[in-house]
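In the numbering used here, the protein residues as written are 757 to 1060. In what follows, a structure is listed as structure tokens, so that the remarks can point back to it.
Right under this line is the structure:
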């Protein structure tokens, strides 16, 4: 076993001591409630012994949270974490599954709004319209393991851009590069615009007409359907356009790129967590992992 003060250091967990203390206060009660709910279902009724009776946890809540953060930050195998914390590997596996789910459900923090968190795309648009925030949206791909041969839908994960098996995440950030929302993730073969439409962005544009979203050239269909709200860079001049037209459009595209670069910075913040550089685990766990990491990054950017 390693000293717990070392394992909760920022170099291991990726977050500050103050941020860790806030997470403990926020998640301890939901974790305890979920634990009691599972025990109630297993017993088939109310407990018959007093609270606190019975065997003690081999891995207390603070250690479970620390192990999950280390796993997200550095992608250490469960067996290595079990050795560090002095427990069985299965204990670490269960602990990570529990805490990762709690972290994924938190949503993203809002700057200067303690206690307010954005969990859905409608939440983000409502916040942007109320606060006059201009949004930036982009997609990123994460390499995943190739599905077994013969399994249905195998080709859906082959990205035409990366030429790899990937899953695609759509991310929204503000002008400061602070993460506001992450979608449920889609197979890498799906187009960026299709992924955004499947999350209901068209309905959000209709219900929040004052919200503007800066996009890249992959979302031209949204600009056509929602002019003035979905803003993409100007088209390049054709071959017969005069030089001054080419120059003006080039400068306009550069200005648009400079305004939209903050969402690229947000994506880079996510990829600093090792699990999002290349995913080697079960694909159905990746969406919860990405949302958990995005929530932690948004906490730091919002001043946690």
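Every residue gets a Cβ at the ideal spot worked out from N, C-alpha and C, and that includes glycine. All of these numbers come straight from a predicted model, not from anything done at the bench.
In whole angstroms, what separates the C-alpha of residue 1049 from that of residue 979?
30 Å
Pop quiz: residue 989 and residue 1013 are said to be a contact at Cβ under 8 Å. What is the actual Cβ separation, rounded to whole angstroms?
7 Å
Could you say which of 887, 831, 762, 783 lies nearest to residue 968 if we only look at CA atoms?
Closest option to residue 968, Cα to Cα, is 887.
Do residue 1063 and residue 860 have their CB atoms nearer than 7 Å?
Given that the chain is displayed from residue 757 to residue 1060, the structure contains no residue 1063 and the question cannot be resolved.
Is it buried or exposed, residue 816, if we count other Cβ atoms within 10 angstroms and call 16 or more buried?
exposed
Spell out a yes or no on whether the region 867 to 884 and the region 800 to 809 are touching, meaning 3 or more CB-CB pairs, one atom from each, closer than 8 Å.
no
By DSSP's criteria, residue 864 is part of a beta bridge. Which residues make up the other side?
874
Hey, could you find the ends of the beta strand (DSSP E) residue 932 is sitting in?
Where residue 932 is concerned, there is no enclosing beta strand (DSSP E), because DSSP gives it neither an H nor an E.
Grouping DSSP H, G and I as helix and E and B as strand, with all else coil, what is residue 826?
Helix, per DSSP.
Could you give the DSSP three-state label for residue 892: helix, strand or coil?
strand
Could you spell out where the alpha helix (DSSP H) holding residue 941 opens and where it closes?
It is not in any alpha helix (DSSP H) - residue 941 carries neither H nor E in the DSSP assignment.
Report the CB separation of residue 949 from residue 974 in whole angstroms; it is logged as a contact under 8 Å.
Yes, they are in contact, since the Cβ atoms of residue 949 and residue 974 sit about 6 Å apart, within 8 Å.
Nearest to residue 850 (by Cα), restricted to the options 910, 1031, 796, 824
824
Bounding residues of the alpha helix (DSSP H) (the contiguous stretch that carries residue 1030)
Premise fails: residue 1030 is in no alpha helix (DSSP H) and is neither H nor E.
Residue 1042 - containing alpha helix (DSSP H), residue span:
DSSP places residue 1042 inside the alpha helix (DSSP H), whose first and last residues are 1042 to 1057.
Please state whether the Cβ-Cβ distance between residue 944 and residue 897 is less than 7 Å.
Result yes, Cβ atoms of residue 944 and residue 897 sit closer than 7 Å.
Where does the unbroken alpha helix (DSSP H) through residue 781 begin, and where does it stop?
773 to 799
Give me the Cα-Cα distance between residue 797 and residue 778, rounded to the nearest whole angstrom.
30 Å
Alpha carbons only, please: which of 767, 1046, 1051 is nearest the one belonging to residue 941?
1046
Could you check if residue 1073 is buried or exposed, using at least 16 other CB atoms within 10 Å of its CB as the buried criterion?
This structure cannot speak to residue 1073, because the chain is shown only from 757 to 1060.
Would you be able to state if there are at least three C-beta pairs under 8 Å between the region 922 to 937 and the region 871 to 879?
yes
Please work out which residues of its chain come closer than 7 Å, Cβ to Cβ, to residue 956, disregarding the five sequence neighbours upstream and downstream, and give them in chain order.
877.
May I ask you to list the residues that DSSP assigns as paired with residue 921?
In DSSP, residue 921 forms a bridge with 914.
If you draw a straight line from the C-alpha of residue 801 to the C-alpha of residue 841, how long is it?
33 Å
In terms of residue numbering, what span does the alpha helix (DSSP H) encompassing residue 949 cover?
948 to 954 is the extent of the alpha helix (DSSP H) around residue 949.
Sheet register partners of residue 987 (DSSP bridge):
Under DSSP, residue 987 takes part in a beta bridge, and its partners are 970.
Determine the DSSP secondary structure at residue 899, reduced to helix, strand or coil.
strand
For my contact list, residue 845 and residue 838 are in at a C-beta cut-off of 8 Å; report their separation, rounded to the angstrom.
Yes, they are in contact, since the Cβ atoms of residue 845 and residue 838 sit about 4 Å apart, within 8 Å.
Rounded to the nearest angstrom, how far is the Cβ of residue 880 from that of residue 928, given a contact under 8 Å?
6 Å
Cα-Cα separation, residue 1080 to residue 782:
Nothing about residue 1080 can be reported from this structure: the residues present for the chain run from 757 to 1060 only.
Could you check what DSSP says for residue 1036 in three-state terms: helix, strand or coil?
Coil, per DSSP.
Taking residue 785 as the reference, give the member of 1018, 760, 775, 818 with the closest Cα.
818
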